[in-house]
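Reviewing the structure listed below.
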Amino acid sequence: MTLDDTLPHLPRLRRHARLLTGDASRADDLLQDTLEHAARKAHRWVAPAEERVPGAALRAWLLTLMHRRFLNQWRDEQAARMESLDESHEAHAAQAPHELHASHWQHRPHEQLQLRLDLERGLGALPPAAREVLLLVCVEELSYEATAQVLDVPVGTVMSRLSRARERLRVLMNEPARPVAGAPALRVVK
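Just so you know, the sequence shown maps onto residues 10 to 199 in this note's numbering.
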């Protein structure tokens with residue numbers, strides 16, 4: 010594996026990092042960390058003799074590395090947060106590993122913005138394991154087998170998580186958005 014081999018996968022890797030982190034800067038850091046790790050571990054990469062889709066195995070390997078780097082970073086952040094809580098004796102709710110931001114959709118048409126916000130809210134409400142399966146299968150277009158390989162879980166687990174994630178997202182997308190605390194109530198004007 011060389012740097013040239015990874016170039017076609019950069020847009021998908023960047024998009025997936027952005028979906029994982031919810032922040033462009035953190036996504037770029039995760040992507041860089043993943044590529045550095047891949048370069049160090051390149052000697053372990055063995056390209057399959059035949060692939061139905063050229064480059065799919067390398068993409069799955071890179072996504073696996075990214076997934077593991079993200080989880081390690083998140084665990085480190087949680088450990089640091091817990092140490093900080095212990096030291097200061099403050100009780101803060103643990104943050105979810107995935108924070109979604111809507112500010113980059115400000116200049117879109119209203120309907121598209123609302124749909125994106127609803128989708129973002131729905132994805133943010135999913136458990137991390139279900140969200141990641143949904144993103145890998147539906148956004149990154151990985152097969153169930155490749156997704157199972159990336160997440161290091163059985164294919165059946167991927168299928169059940171995907172089914173539950175889709176159903177939960179369907180329910181969440183049909184729920185009205187909860188009002189923001191402190192926001193003025195809407196009034197009916199005749």
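Idealized CB from N, CA, C, for every residue including glycine. Only a predicted model underlies this, so the values are computations on that prediction, with no experimental measurement involved.
So, with DSSP's three-state summary, where would you put residue i?
i	result
glutamate 129	helix
proline 200	Nothing about residue 200 can be read from this structure; the chain reaches only from 10 to 199.
leucine 151	coil
proline 17	helix
glutamate 45	helix
valine 146	helix
alanine 69	helix
valine 167	helix
valine 180	helix
Taking 8 Å as the cut-off, decide whether the C-beta atoms of residue i and residue j are in contact.
i	j	result
leucine 178	leucine 144	no
glutamate 149	arginine 21	yes
proline 57	alanine 47	no
arginine 23	leucine 40	yes
valine 164	glutamate 154	yes
histidine 76	leucine 16	no
Assuming residue i contacts residue j (C-beta within less than 8 Å), just tell me the rounded distance between them.
i	j	result
histidine 18	arginine 68	5 Å
leucine 128	methionine 182	7 Å
alanine 157	valine 167	5 Å
Whose C-alpha, out of the options, is nearest the C-alpha of residue i?
i	options	result
leucine 151	Arg77, Thr73, Pro137 and Gln82	Thr73
alanine 138	Val55, Phe79 and Val180	Phe79
threonine 30	Gly133, Val180, Asp13 and Trp70	Gly133
glutamate 86	Arg35, Cys147, Arg140 and Ser172	Arg35
aspartate 42	Val55, Asp14, Arg53 and Leu71	Leu71
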